[in-house]
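See structure below.
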Amino acid sequence: MSNGLATVASGLVGLAAMGALAAARARRGRPYLADGLLVAVDGPADPVAAAVRPGFAGVEVAVRLDHDTRPPVLRLDCLMPPGEPAPTFEDAVLEPLAALVDASPLGRVHPRRAEPFLLLVHADPGTAGGWPPGPRPEYEALDLLLRPRAQLLTTFLGGRVVPGAITVVLTGPYWSRADLLGAYERFAFLEGRFADLEPGGLPVTVAPLVTEALGARLGWDPREEWPEFPAEARHILRSLIGAAHAGGRRVRFVDVPEDPRAVRTAFWQELRAAGVDLIASRHRGPLGRFLRRPSNKGRKHRAEPRRVAVIDEFQVNGT
């Protein structure tokens with residue numbers, strides 16, 4: 608009898624230890640994936656949790672104006688069950704992010720990380736015949752939501768960029784540059800193109816992130832299979848990233864092949880080896896597993912704050 612009780616007691620102790628270990632891991636969370644961006648333009652309806660729990664450094668969402676309400680409301684443009692409205696951008700994105708920042712000792716989205724969380728916002732109303740000139744109503748609605756939360760946001764103010772807990776970047780061709788250029792104070796930035804690295808392009812204080820359709824640039828044909836990543840494509844990739852970094856920009860690519868899996872992984876490996884800042888995908892599980900592997904360059908995502916400097920527009924432009 609005593610041996611049986613001892614066995615039961617030791618089993619309970621083991622279960623308690625396992626429970627404590629699991630609780631500690633849950634509190635610690637997944638490793639921070641500094642180069643991971645979840646593309647959630649099609650969903651889920653809770654994109655913040657979907658991105659933060661696996662440790663991604665940012666999330667991309669799509670928005671649209673709901674004109675059936677007065678005033679019009681900015682909602683997520685994601686897949687929903689029939690008859691169920693998509694959640695508002697404020698409820699599904701801004702409020703959860705604000706709650707995470709409030710709960711963090713560092714005042715950041717990710718615990719123990721100093722880097723701003725990247726929030727990419729995509730809009731495409733799909734207007735027949737093209738988009739009208741002038742200010743975008745989606746930007747006006749977004750700005751009204753961002754201004755009351757200015758203390759959380761990376762802000763452009765009088766030629767300077769002051770980092771915050773969240774950096775909002777407008778992505779896609781719909782957004783009007785006129786909405787941002789010339790503003791004395793704003794709480795959003797644009798995702799630029801590599802053409803912006805040339806004279807006359809958008810300054811880094813407007814477009815701190817640049818992108819390009821990678822498959823088209825490299826001549827990728829999904830009907831073909833590359834036995835190995837071509838040396839010419841690798842050179843193009845590294846040249847683009849090097850030029851952007853020399854101009855003080857961060858880089859992410861769109862149109863990265865997602866299927867088949869082996870091709871997707873090969874592209875991710877090349878992007879990582881080339882030093883791209885963000886690898887974006889809808890496939891959060893595979894992307895998270897890939898980024899948690901040690902990279903060939905030996906990068907370690909440790910829980911140490913990184914200094915984020917204030918950017919001065921006049922210093923950047925050399926004036």
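With the working numbering applied, the sequence shown covers 608 to 926.
For glycine and all other residues, C-beta sits at the position ideal for the given N, C-alpha and C.
| Query | Result |
| --- | --- |
| For Leu797, the nearest candidate out of Ala790, Trp782 and Val670 (CA to CA) | Trp782 |
| Alpha-carbon to alpha-carbon, Pro689 and Ser902 | 43 Å |
| C-beta atoms of Val666 and Pro654 nearer than 8 Å | yes |
| Assigned secondary structure, Asp786 (DSSP; H/G/I helix, E/B strand, else coil) | helix |
| Bridge partner(s) assigned by DSSP for Arg841 | According to DSSP, Arg841 bridges with nothing at all. |
| Collapsed DSSP secondary structure at Gly643 in the structure displayed | strand |
| Same chain only: Cβ atoms within 7 Å of Leu628, ignoring 5 sequence neighbours per side | Reliability fails at Leu628, whose pLDDT of 42 lies under 50, so the model's placement of it is uncertain and the value that follows must be treated cautiously. Cβ within range, chain order: n/a, list empty. |
| Cross-strand partners of Val817 (DSSP beta bridge) | Gly799 and Val858 |
| Reduced DSSP secondary structure (H/G/I, E/B, other) of Ala721 | coil |
| Simplified DSSP state of His729, which is helix, strand or coil | strand |
| Candidates Pro651, Ile886 and Leu804: closest to Met687 by CA position | Pro651 |
| Secondary structure, alpha helix (DSSP H): runs of 4+ residues fully inside the segment 662-719 | 702-710 |
| Three-state secondary structure (DSSP) of Arg756 | helix |
| Spatial distance of Glu835 from Thr872 (CA atoms) | 12 Å |
| Residue closest to Arg889, alpha-carbon to alpha-carbon, out of Thr695, Ala850, Ala657 and Tyr639 | Ala657 |
| Terminal residues of the beta strand (DSSP E) in which Leu898 lies | First-last for Leu898: Arg891 to Arg899, but that is the alpha helix (DSSP H), not the beta strand (DSSP E). |
| Counterpart residues of Thr774 in DSSP-defined beta bridges | Leu725 |
| Backbone CA spacing between Thr676 and Val646 [nearest angstrom] | 27 Å |
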